[in-house]
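First comes the structure, then the notes that go with it.
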Amino acid sequence: MATRIVMSKLSPTMEEGRVLHWVKKEGDPVEPGDVVVEVETDKATMEVEAMGAGVLRKILVEDGGTVPTGTLLGVVAAPDEDISAILAEAEAGAVAEATAATDGAAAVAAATPATAEAPATVSAAAVEVAVEPAHQPAGDGGRVKASPLAKRMARENGIRLEQLNGSGTGGRIIKRDIEAAVSGGVAATTVAAVGSEAPYQQVELSQIRKAIARNLVTSMGPIPHFFLTIEIDMNRALDLRAELNKSLEGSGAKIGVNEILIKTAAQALAEHPNVNVAFADDHIRRFTRVDVGVAVAVPDGLITPVLRNIGPKGLRQISAELRDMVDRARGKKLAPEEYYGATFTISNLGMYGIDEFTAVINPPAATIMAVGATVEKPVVVDGSVQVRKRMRVTLSCDHRAVDGAMGAEFLATFRDMLENPLRLVL
Amino acid sequence: MALMTYRDALNQALREEMRRDPDVFMMGEEVGAYQGAYKVSRGLLEEFGEWRVRDMPIAELGFTGLGVGAAMVGLRPIVEYMTWSFALLAIDGIVNAAAKMRYMSGGQFKMPITFRGPSGVANQVGATHSQALESWYATVPGLKVVAPATARDAKGLLKSAIRDDDPVVFLEGELLYGSKEEVPEDENFTIPLGVSEVKREGADVTIVVHARPLHSALRAAEIVESEDGISAEVIDPRTLRPMDIDTILDSVRKTNRCVVVEEGWAVCGMGAQVVDDIQREAFDYLDAPIARVTGADTPHPYAKNLEQLHFPQADLIVKAARQACYRK
């Protein structure tokens, strides 16, 4: 029985995907559960497993090819089976996501949660559709040869191996090829200057960059943003952090400022549930728990892993989860449901010395908080000038769901909690 | 420190350990009156007497058994074979008796015995006297296997081997006995078993090599440095079991390329084990297949010209290093 391998929709924002690498070549025998092909979604790299047995009869999209979700990538069938009908269908562009979702593709249905809450396992996502047997074409899938080191370096630098020419034995891509690409020679094509235009390099959009661009124009355009900035005295919060870390000495755990901000935001949102919301065309979703997204810079973009249900969690647990998420985000190891569906997001550029900035809302949430650096500055306290540690945060709000006073009240609570951090234990 | 030969460094190690511990004694063919087939035991009969320096008949299995028995009752025998090729006759005593005794007695018996003698190629001594069989012994749990390539290592490692409570197979280089190096004369000087040494630092390729081919590798490193600008790091594990693989892995993670050299045959050789460790532990750091340079896959030839070709000479290591670095 022939089975199809389809570019499935592996995350809520995924509209197209790229075939990174066919693990199996045409003619290779395939068992259910074998990894057949690796695909790059907008934010992660995923392995697609075969659901049926047979041989990989046909590869329709070669390594490096980018196609819309739903596109037929390859066909697994018995060696003597007639697959001409499936190929004709693919030719006619008739393979739709709908087919995939209906024909017994339980694995995929589970792997593409409509909401972030659905806990899905997405290690495998292949589509199996029964079709009638027929007859055999063949060919050899082009394989990119690269040393293990080169593959790792390419991954870390967001370079596509198939763009490079290998200088090693038999065209193998090796370390020096990646280094050349990183220093600008290969991956990015230099474009000569025309007239007074400055010369530039044309850098191909990675899947993550495309996703960011696509998603954020749906934000600043359609969403009426407004911004509220507040300055917070951080002395006591930082003292608390120092004290906590002293008590944790030797345990391996360490509480960072971000964990305190996450916890504080969750407490403040609990007091202002009208800010923990999303605008959904004909209604507002008021979330009953707080899931905080944390913006993490990765080599070719930005990803926002989501820490779920912060309310009942302590700083130590938040810290452990945050560390794990950030590590995996940098390694592109997050599953789609792990970076989708924050009810509130924190973006902290303080470590870069940014005093304050505004962040673009990441839909569907209605708010995002931009955190600046904590700096020592003179402040008037009870009529005298003191040096205090001050931090400025700016809340971006979706005016369709959150009004100025609502956002301001939330921010005031957020500030009071940080300035009197014992409130966190209440 | 004194400049001395590998032979004299071994002699000094034997002498110091026999002075230090009255339970240490030596036995083997021609070790006493003849002063050792390779003069390693020169002067020991005179200093320690025939009770502690015992000449043995040509019966390797027999005197190996005597040594194992002596170790079981608490002595520290040093058994010399005229060459390791002759120890094939005694391999039952080494592998079945010595290596198993601690295990099969449930720890009731220690086995503080050192088996030593010349190993590897010599000058035209033919196929049955020219073998490097270290992988035979290194595959056996219960044995420790040591193969020093320099006089300093020979002294420091032999002293540690004699003091060790487990059986140690100590492989000396037949053509290294006359090589000279500065050697510490301090009687407390030892080199611990199971520690690799970086013999030459480099950045572009790691050469892992033990015993006499170390000297070929060091020459090869000079050649690729001057002719190709390749900076080769040369590491001698010195102890083949248990091997200090971490030092090798650290180096490969730095250089991303590796050449493994040995005098013995390629199939199931020591280098095969090193390659396996590297590919498992440092896979993502490799930029080229790991190259091996070994003795040729034939019995060892007698003819001088063929004998030269059989050995992993510097030119072969140069070629492998260039290949690993994608040059030429």
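Going line by line, the protein sequences match chains A and B. To convert, take the position in the first sequence, counting from 1, and add 1015; that gives the working numbering. To convert, take the position in the second sequence, counting from 1, and add 3; that gives the working numbering. Ideal Cβ placement from N, Cα and C applies to all residues, glycine included. Note that the structure is a prediction, hence the values are computed from the model and not measured.
Within the region 1354-1431 of chain A, complete alpha helix (DSSP H) segments of at least 4 residues are not found at all. Within the model, the alpha-carbon separation for valine 1341/A versus tryptophan 139/B is close to 48 Å.
When the alpha-carbon of isoleucine 226/B is set against those of Asp168/B, Val321/B, Ser254/B, the nearest one is in Val321/B.
Looking at the DSSP output, valine 172/B bridges to Phe118/B, Val148/B.
Take alanine 1295/A, set aside five residues on each side of it, and the residues of its chain with a beta-carbon closer than 8 Å to its own are Pro1379, in chain order.
Taking 9 Å as the threshold, the shortest C-beta distance from tyrosine 180/B to chain A does not fall below it. When C-beta distances to chain A are compared with 7 Å, the residues of the region 273-301 of chain B below that value are Phe286, Asp287, Tyr288, Leu289, Asp290, Ala291, in chain order.
Lysine 307/B is classed as exposed because its beta carbon has fewer than 16 other beta carbons within 10 Å across all chains shown. Closest option to asparagine 1363/A, judged by alpha-carbon separation, among Phe1372/A, Tyr1355/A, Ala1357/A, Gly1356/A: Phe1372/A. In the three-state reduction of the DSSP assignment, aspartate 1049/A falls in the coil class. Every unbroken stretch of the beta strand (DSSP E) spanning 3 or more residues and falling wholly within the region 1243-1304 of chain A is given here in chain order: 1292-1295, 1298-1301. Only exposed fits glutamine 311/B, as fewer than 16 other CB atoms lie within 10 angstroms of its CB. Assignment of beta-bridge partners to tryptophan 1037/A by DSSP yields Val1052/A. By the Cβ test, the region 1067-1074 of chain A is in contact with the region 1043-1058 of chain A, since at least three Cβ pairs between them sit closer than 8 Å. Comparing C-alpha distances from methionine 107/B to each of Gly46/B, Val198/B, Met75/B shows the shortest one belongs to Met75/B. At a cut-off of 9 Å between C-beta atoms, tyrosine 9/B does not count as an interface residue with respect to chain A. Taking 9 Å as the cut-off, the Cβ atoms of valine 208/B and serine 234/B count as close. By the rule that beta-carbons nearer than 9 Å mark a contact, threonine 1184/A touches chain B.
Residue contact check for asparagine 191/B against chain A: no CB pair falls below 9 Å. The three-state secondary structure of isoleucine 61/B, taken from DSSP, is coil.
Counting other Cβ atoms within 10 Å of its Cβ, valine 1038/A reaches 16 or more and is therefore classed as buried. Straight-line measurement puts the Cα of methionine 59/B at about 13 Å from the Cα of glutamine 38/B.
From the beta-carbon of asparagine 259/B, the residues of chain A found nearer than 7 Å are Leu1164, Lys1190.
At least one CB of chain A lies nearer than 9 Å to the CB of tyrosine 329/B. Using a C-beta cut-off of 8 Å, the region 1381-1400 of chain A makes contact with the region 1349-1365 of chain A, since at least three inter-stretch Cβ pairs fall below that distance. Here lysine 1166/A is not near glycine 1186/A, since their CB atoms are 9 Å or more apart. Between lysine 1040/A and glutamate 1096/A, the alpha-carbon positions lie close to 17 Å from each other.
Secondary structure at threonine 131/B: helix, using DSSP grouped into helix, strand and coil. A check of alpha carbon separations from glycine 70/B across Ile97/B, Arg105/B, Phe51/B identifies Ile97/B as the nearest.
The Cβ atoms of phenylalanine 51/B and threonine 117/B do not sit closer than 9 Å to each other.
The Cβ neighbour count for leucine 146/B, taken over all protein chains shown within 10 Å, is at least 16; the residue is labelled buried. Between arginine 1407/A and proline 1393/A, the C-beta gap is not smaller than 9 Å, which leaves the two residues out of contact. With the criterion set as a beta carbon lying under 7 Å from some beta carbon of chain B, the region 1398-1417 of chain A has no members that meet it. The criterion of a C-beta distance shorter than 9 Å is not satisfied by glutamine 134/B and glycine 272/B. By the neighbour-count criterion, in which a residue is buried when 16 or more other Cβ atoms sit within 10 angstroms of its Cβ, asparagine 1435/A is exposed. In this structure, DSSP gives valine 198/B a state outside helix and strand, which the three-state scheme calls coil.
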